[in-house]
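Visitor:
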Ligand SMILES: O=C(O)CCC(=O)C(=O)O
Ligand SMILES: [Fe+2]
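In my numbering, the protein residues as written are 9 to 306.
1. With a cut-off of 8 angstroms, do at least 3 Cβ pairs link the region 205-220 to the region 39-52?
2. Do the region 160-170 and the region 43-61 meet, that is, are 3 or more Cβ pairs less than 8 angstroms apart?
3. In the structure shown, what three-state DSSP assignment does residue 206 receive?
4. Could you name the residues, in chain order, whose CB is less than 6 angstroms away from a heavy atom belonging to ligand 2?
5. Should residue 198 and residue 270 be called a contact, given that it needs their Cβ atoms to be closer than 8 angstroms?
6. Evaluate residue 25 with the Cβ neighbour count: other Cβ atoms within 10 Å of its Cβ, from every protein chain shown; 16 or more gives buried, anything less gives exposed.
7. Around the C-beta of residue 244, are 16 or more other C-beta atoms found within 10 angstroms, so that it is buried, or is it exposed?
8. May I ask whether a heavy atom of ligand 1 can be found less than 7 angstroms away from the beta carbon of residue 245?
9. What do you reckon, is the C-beta of residue 8 under 7 angstroms from a heavy atom of ligand 1?
10. Please list, in chain order, all residues of the same chain as residue 96 whose beta carbon is under 7 angstroms from its beta carbon, the five residues on each side excluded.
11. Report the residue ranges of all alpha helix (DSSP H) runs contained in full by the region 203-289; include only those spanning at least 4 residues, in chain order.
12. Is residue 184 near ligand 1, with its Cβ less than 7 angstroms from a heavy atom?
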């Protein structure tokens, strides 16, 4: 039976349990009952995985029918997506970022190295208010679950008009270059995987607050096959990841008919966080549309 989708009259963020249960598998992941034994166990498991492996994976978080519909919705937006296609720095330099890498003698080449980076990004304001993806992002119980796992006093879905909720759509040959994230908990939902390639590769806690471990990062860049963990995220998997201290990338997408599509949920401990205007200006300067159209334009 096809899942009955949230109607366009539904106020976003205000869903009944049975509506959410058509989207999120609440029997497997009781995030609406966090005080119960199963809810508390789930939080402990996620916290433990995040602390020891830098990642907590919740496969089958979104039900198969619902995830396919979200992937279809994403593909309808691809003409508007901005096409990122230029090398990126692995280390954030911006003073607003929580952890700004310290330079140390002899490592400036490693620090300034840029890594190929290519995908289409659908921005927050391009995603309809009444979409199921946004309904989940704004569901207060989900924010509360993430808050408890991250063990912070306050957590809010970002209000950034551009980057609160985004999707990255990657076609054959696309990839995310090595990088650290600017914040502690990056939350992703895999909407659709590619038929080959596109693995998520990461070095758990390769650095910490005190130690940049540039020698370890160099080994990682030189020999990722031995230095990194590599996983294939299946559609429907919800992931909490510590990318502030764990260098990571998405391997090149191989031959595939369907693009890899991931949604990124941004939260912050401050209610009014918006991302830096410089980064938004950069994204919006990129051409719009899928890679084929962009290569014709060039
Ligand atoms: O696509 C992914 O699985 C992760 C993306 C990522 O690392 C990011 O957007 O910062
Ligand atoms: Fe990242």
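Each residue gets a CB set at the ideal place from its N, CA and C atoms; glycine is no exception.
Nothing here was measured: the structure is a model prediction, and the numbers come from that model.
Guide: Let's see:
1. Judged by Cβ distances under 8 angstroms, the region 205-220 makes no contact with the region 39-52, as fewer than three pairs qualify.
2. Not touching, per the Cβ criterion.
3. Start at 1 with the first residue of the chain shown, and residue 206 comes out as number 198. Judged by DSSP in its simplified three-state form, residue 206 adopts coil rather than helix or strand.
4. The set of residues whose C-beta lies within less than 6 angstroms of a heavy atom of ligand 2 reads, in chain order, 187, 189, 194, 251 and 256.
5. The residue labelled residue 198 in the question sits at position 190 within the chain shown. The residue labelled residue 270 in the question sits at position 262 within the chain shown. With contacts defined by Cβ atoms closer than 8 angstroms, residue 198 and residue 270 form a contacting pair.
6. The residue given as residue 25 occupies position 17 in the chain shown. Counting the other CB atoms within 10 Å of its CB gives residue 25 a total below 16, which places it among the exposed residues.
7. Reading the chain shown from its first residue, position 236 is the one you call residue 244. Buried is the call here.
8. Taking the chain shown and counting its residues from 1, one reaches residue 245 at position 237. Taking 7 angstroms as the cut-off, the C-beta of residue 245 does not count as close to any heavy atom of ligand 1.
9. Lying before the first or after the last residue shown, residue 8 is absent from the chain, which here runs from 9 to 306.
10. If you number the chain shown from 1, residue 96 lands on position 88. Here the set comprises 122, 123, 125, 185 and 187.
11. Entirely contained in the region 203-289, the alpha helix (DSSP H) runs reaching 4 residues are, in chain order, 222-230 and 232-235.
12. Counting from 1 along the chain shown, the entry for residue 184 is found at position 176. In this structure, residue 184 has its beta carbon less than 7 angstroms from a heavy atom of ligand 1.
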